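The next block holds one structure in the form of structure tokens; read it before the comments.
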Amino acid sequence: MGKFWNLKFRRELSGWLFVLPMLLFFASFVVYPILSSVWGSLYAFDYAGYTFAGLDNYKQLLGDSLFWKAVWNTIVFVLYLVPSITFLALFLAALIHRYPQKMQSFFKAAFYVPGVTSIVSLAMVWEYMYNNQFGLGNYLLKRFGLPPVNFLGSEYAYTSLALILVTISLGASLVVFSAALGGIPKDLYESASLDGATGTQTFFRITLPMLKPSVLYVVVTSTIGAFQVFAIILLMTGGGPAYKTTTILMLIYREAFINMNFGIANAMGIMLCLLICLIAFLQFKLLKSDVEY
1 MGKFWNLKFR
11 RELSGWLFVL
21 PMLLFFASFV
31 VYPILSSVWG
41 SLYAFDYAGY
51 TFAGLDNYKQ
61 LLGDSLFWKA
71 VWNTIVFVLY
81 LVPSITFLAL
91 FLAALIHRYP
101 QKMQSFFKAA
111 FYVPGVTSIV
121 SLAMVWEYMY
131 NNQFGLGNYL
141 LKRFGLPPVN
151 FLGSEYAYTS
161 LALILVTISL
171 GASLVVFSAA
181 LGGIPKDLYE
191 SASLDGATGT
201 QTFFRITLPM
211 LKPSVLYVVV
221 TSTIGAFQVF
231 AIILLMTGGG
241 PAYKTTTILM
251 LIYREAFINM
261 NFGIANAMGI
271 MLCLLICLIA
281 FLQFKLLKSD
291 VEY
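FYI, the numbering for the sequence shown is 1 to 293, going by the UniProt record's numbering.
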């Protein structure tokens, strides 16, 4: 029996050695920070040190109206971004898929560029476009005889920021859908054509069901990305006006790096993580698929 286990250990040792660097990386930069955040959320920090607070940080958050406003703002961003990114990426991928390969590559690269461009550079460009006096947005409104709009300081702040975030995130989802469309067997479309199926019937009976795994991936990753919106809001509105665009990550940043209240910041991070996990779980339940091709 001992020889058997020794032989099994020697056979598996090489595999464990191959994955060891990634396991160490995962433990150091994922597992340890999560456990550290859980530990930190149970303590109250100040300049003199830290004291055990139990669940007081979580109780304080549950009674904080600003925290719930940030939660609502974050959910609104999710509701703006996830459907927009998913439907636009799928629509554009279906249009691009009809072109030759070189044209497809050009369009995919063009849509993907904003996603790899510096956030600071993008924020500067969009600030000029949204400028109240000489911005492109108000210039177009003026050309159509409409009054000027304060894009970043009014009720349009959500929509203005969501438009920026959609342009940034659209490219990656479009590439995913383009790759998935290219992997659907052409035999299915030929059979549908022989049976007299229309383009709409083909899309909803063949294309969309076959894309369900890709839709799940895009929806989940877009949701996670929407919950983590931070940089573009910090650069363009700072969470204003009147906390209208303040998200959970904005509050975490303020509590941790401005107010130096690390216990509250850790508790916010844990609650945000649990919220993302819950929504991702529901999305997997609703959109899971056994399609293989």
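All C-beta atoms, glycine included, are put in the ideal place defined by N, C-alpha and C.
Remember, it's a predicted structure, so these values are computed and weren't measured experimentally.
When the cut-off is 8 Å and only beta carbons count, does residue i lie next to chain C?
i, result
"P213", "Of the protein chains in this structure there is only one, and it is not chain C."
Taking only the alpha-carbon atoms, compute the straight-line gap between residue i and residue j and give it to the nearest angstrom.
i, j, result
"L123", "T117", "Sequence check: residue 123 is Ala here, not Leu. About 10 Å."
"V76", "I276", "14 Å"
"P114", "I224", "19 Å"
"S222", "F26", "22 Å"
"V82", "L13", "43 Å"
"W68", "L62", "8 Å"
"V120", "L235", "7 Å"
"residue 358", "L163", "Since the displayed the chain opens at 1 and closes at 293, residue 358 lies outside it and no answer follows."
"S105", "V166", "20 Å"
"I168", "G153", "21 Å"
"V30", "S193", "50 Å"
"residue 300", "Y50", "With the chain represented from 1 up to 293, any question about residue 300 goes unanswered, as that position is not in the structure."
"Y293", "S178", "The predicted model places Y293 with a pLDDT of 47, which falls under 50 and marks its position as unreliable, so this point remains unresolved."
"I206", "V175", "20 Å"
"A94", "G196", "21 Å"
"V125", "A53", "45 Å"
"I248", "A280", "17 Å"
"G110", "S160", "Checking the sequence, you will find Ala at residue 110 rather than Gly. So the two alpha carbons sit approximately 21 Å from each other."
"N57", "L23", "32 Å"
"L283", "P209", "The question names Leu, but residue 283 in the sequence shown is Gln. Approximately 16 Å between the Cα atoms of the pair."
"D64", "S41", "16 Å"
"Y99", "L170", "19 Å"
"Q201", "I184", "16 Å"
"G240", "N73", "11 Å"
"Y158", "F230", "13 Å"
"residue 294", "F45", "One cannot answer for residue 294 here, as it falls past the ends of the chain, which runs 1 to 293."
"F204", "F87", "14 Å"
"V19", "S28", "14 Å"
"I258", "Y80", "29 Å"
"residue 294", "K59", "Lying before the first or after the last residue shown, residue 294 is absent from the chain, which here runs from 1 to 293."
"A242", "I232", "17 Å"
"T246", "L92", "31 Å"
I'd like the span of the alpha helix (DSSP H) that includes residue i, first residue to last.
i, result
"F77", "65-96"
"G199", "199-202"
"A123", "119-129"
"V225", "The residue asked about is misnamed: residue 225 is Gly in this sequence, not Val. 212-227 is the span of the alpha helix (DSSP H), which, as asked, contains G225."
"Q101", "101-116"
"V38", "32-40"
"G269", "262-287"
"R143", "136-143"
"A256", "248-257"
"L194", "186-194"
"K59", "56-62"
"A231", "231-236"
Please work out which residues of its chain come closer than 8 Å, Cβ to Cβ, to residue i, disregarding the five sequence neighbours upstream and downstream, and give them in chain order.
i, result
"I34", "C273"
"D187", "none"
Quick one: what's got a C-beta closer than 6 Å to residue i's C-beta in the same chain, skipping five residues either side?
i, result
"N261", "E255"
"K102", "none"
"L180", "The question names Leu, yet the displayed sequence has Ala at residue 180. Same-chain partners within the cutoff: L211, S214."
"S173", "I85, A89, V218"
"L216", "L287"
"H97", "L181"
Start and end of the beta strand (DSSP E) containing residue i?
i, result
"A44", "43-46"
"T167", "Segment 157-182 is the alpha helix (DSSP H) holding T167; no beta strand (DSSP E) there."
"L49", "It should be noted that the sequence gives Gly, not Leu, for residue 49. From DSSP, the beta strand (DSSP E) with G49 extends over 49-52."
Is it the case that the CB of residue i approaches a heavy atom of the ligand SAH more closely than 7 Å?
i, result
"L163", "The model depicted lacks the ligand SAH and carries no ligand whatsoever."
Identify, in the order they occur along the chain, each residue of the same chain with its Cβ nearer than 7 Å to the Cβ of residue i, setting aside the five sequence neighbours on each side.
i, result
"Y156", "V149"
"residue 298", "Outside the modelled stretch of the chain, which goes from 1 to 293, sits residue 298, for which no answer is possible."
"Y43", "Y50, T51, F52, A53, G263"
"G135", "Y128, M129"
"N132", "N138, P148, N150"
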